[in-house]
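Structure record follows, encoded as structure tokens.
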Amino acid sequence: MLKVADPDSGNVHPGYQAMGLHVDDMEAQHAIVNRQGEVQFNTGVEFPDLVYRGQVEEFTPCVPGLGRLRRLEDKLVAVCRNVAFEDVIRAHPYVKYCASQYFNGRPLHINFQGVAQHYGFHTDMLDVTSNFDVATFFACCEWNDDAGCYLPVVARDAPGIIYSVEPAFYSMGLVELAAEFSFVGWQPLPRPAQQRASALILPANQCFASFPGVRKHYFRHNEQSAEAIWRAFDGGDVLFPEDEAAELSRLAQDLGVVTTSQLARAWKILETWEGIGFKKKRRKGAFKASGLKIVETAQLNWTRFNLPSKPEKLRDRLNSELDNVRFRMAYTPPA
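Numbering-wise (my numbering), the sequence shown opens with residue 9 and increments by one.
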């Protein structure tokens, strides 16, 4: 799990140091205030010059999960499941507690779509990470449906690829692009922090690899190296810790029912993503083809898990996670 580094360790970033900011390359949780005025905790390096994305081979186009679906009915099913999972995440006792907290009058940011992304749902987010080692895991290991886990890549003709890009270009308005960089970082559920998660939010029909500043680094697969990386991450268990949300997400990914309000929200998300409106006839046809059924009450809940809900236990859990937040260090540069 994420641990705080010694504040005096690491390599100092000379550019930031010259401005009076002590910024190094050590990983931790870093508190910031986002554009919405919320407090959030970024994980990994505080100000990464680069973020990375690893893939076992190059796929063209390089798009978010939602963009890999072609038929409208498939997109509708995926977004309905996403919405249903977000609803149940909002009802999680610890998530609800964290979402109600304020720091110096500012609310704590919860990225619900970022959580959904890291529990296997199709979104408009493309995963990137500030941790190169995490990127190498996804470049050298792939999900095996039969085994139900990640396995090292065996030798293949196609090379692996690691993308790198400067996040500042996509978060400070330095280039006019539809894509937007977003720190996901610490969330009340563990997966995003373990993956040092960030994301690029992409609209439909936009390929990440075609954006300015995106660089491609190809490499030849090697079974021994892949297995060493796989073992270093405990076969992926370090990045995908098992918890109650992981168990519920597996149920949600096979969900075949949706409430009326969830369906309405799903259509709104799809229309925003596609940049077009869907007429009533097309909506009706896609819903029929999807096989989804309308129910009055959402089917996902936490009843079976007997989760702690007493405020003092939830407070203790949050306080223990806040122990990983580093203090900012600064100094006065020489005249």
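Virtual Cβ for every residue (Gly too), placed ideally from N, Cα, C.
Problem - DSSP three-state assignment for Asp116, whether helix, strand or coil - result: In the sequence as displayed, the identity of residue 116 is Leu instead of Asp. Strand, per DSSP.
Exercise for the section: Counting only runs of 3+ residues fully inside the region 88 to 153, write out the beta strand (DSSP E) ranges in chain order. Expected result: 133 to 137, 149 to 152
Handout entry: Contact with chain C by Phe189, beta-carbon distance below 8 Å
Key = No chain C appears in this structure, which consists of one protein chain only.
Practice task
Tell me whether Leu159 sits in a helix, a strand or coil according to DSSP, three-state version.
Solution key: strand
Practice task
Please list, in chain order, all residues of the same chain as Phe227 whose beta carbon is under 8 Å from its beta carbon, the five residues on each side excluded.
Solution key: Ala147, Pro167, Gly168, Ile169, Ile170
Exercise for the section: Would you identify the three-state DSSP class for Ala186, choosing helix, strand or coil? Expected result: coil
Problem - Top-ranked residue by Cα proximity to Cys418, from Leu74, Lys321, Leu259, Leu159 - result: This structure leaves residue 418 out entirely; the chain is present only between 9 and 343.
Problem - Rounded straight-line distance, which links the Cα of Phe111 to that of Asp153 - result: 43 Å
Handout entry: Three-state secondary structure (DSSP) of Ser206
Key = strand
Practice task
Verify whether the separation of the beta carbon atoms of Leu210 and Pro72 is less than 8 Å.
Solution key: yes
Exercise for the section: Keeping to the same chain, check which residues put their C-beta closer than 7 Å to that of Glu174; ignore five residues upstream and five downstream. Expected result: Asp57, Leu58, Gly221
Exercise for the section: Kindly indicate the opening and closing residues of the beta strand (DSSP E) around Lys224. Expected result: In the DSSP assignment, Lys224 falls within the unbroken beta strand (DSSP E) covering 223 to 227.
Exercise for the section: Report all residues from its chain with a CB closer than 8 Å to the CB of Ser328; omit the five preceding and five following residues, and keep chain order. Expected result: none
Problem - Nearest-angstrom beta carbon gap, Phe49 and Val333 [assumed within contact, 8 Å] - result: 6 Å
Practice task
Please work out which residues of its chain come closer than 6 Å, Cβ to Cβ, to Ile237, disregarding the five sequence neighbours upstream and downstream, and give them in chain order.
Solution key: Thr144, Phe145, Cys148
Practice task
Classify Phe219 as buried or exposed, calling it buried when 16 or more other Cβ atoms lie within 10 Å of its own Cβ.
Solution key: buried
Exercise for the section: Compute the beta-carbon to beta-carbon distance between Ala39 and Val47, rounded to the nearest angstrom, for a pair I have assumed lies under 8 Å. Expected result: 6 Å
Handout entry: Proximity below 8 Å, CB of Ala155 to CB of Glu231
Key = no
Exercise for the section: Would you list the one or two residues that DSSP bridges to Gln261? Expected result: Paired residue(s): none; Gln261 is not in a bridge.
Exercise for the section: Name, in chain order, the residues that DSSP records as bridge partners for Phe177. Expected result: In the DSSP output, where bridge partners are listed per residue, Phe177 has none listed.
Handout entry: Bounding residues of the beta strand (DSSP E) (the contiguous stretch that carries Thr51)
Key = If you look at Thr51, you'll find it in the beta strand (DSSP E) that goes 47 to 52.
Practice task
Could you give the DSSP three-state label for Gly283: helix, strand or coil?
Solution key: coil
Problem - Where Arg78 falls: helix, strand or coil (DSSP) - result: coil
Handout entry: Bridge-paired residues (DSSP) for Phe191
Key = Ser206
Exercise for the section: Less than 8 Å between the CB atoms is what I'm expecting for Leu300 and Val85, so what's the real figure, rounded? Expected result: 6 Å
Exercise for the section: Return the residue from the list Ala253, Arg89, Arg204, Asn90 that minimises the CA-CA distance to Asn314. Expected result: Closest by alpha carbon: Ala253.
Exercise for the section: Pick helix, strand or coil for Gln307, following the three-state DSSP scheme. Expected result: Secondary structure at Gln307: coil, using DSSP grouped into helix, strand and coil.
Problem - First and last residue of the uninterrupted beta strand (DSSP E) at Ala240 - result: Under the DSSP assignment, Ala240 falls outside any beta strand (DSSP E), being part of the alpha helix (DSSP H) whose first and last residues are 231 to 240.
Handout entry: Stretch-stretch touch, CB-based, cutoff 8 Å, three pairs: the region 82 to 100 with the region 234 to 251
Key = no
Handout entry: Buried versus exposed, by CB contacts within 10 Å (16 or more), Val303
Key = exposed
Handout entry: Arg334 in three-state terms, based on DSSP
Key = coil
Handout entry: Touching by the beta-carbon criterion (3+ pairs, under 8 Å), the region 118 to 136 and the region 196 to 210
Key = yes
Practice task
Consult DSSP for Ser172 and reduce its assignment to one of helix, strand or coil.
Solution key: strand
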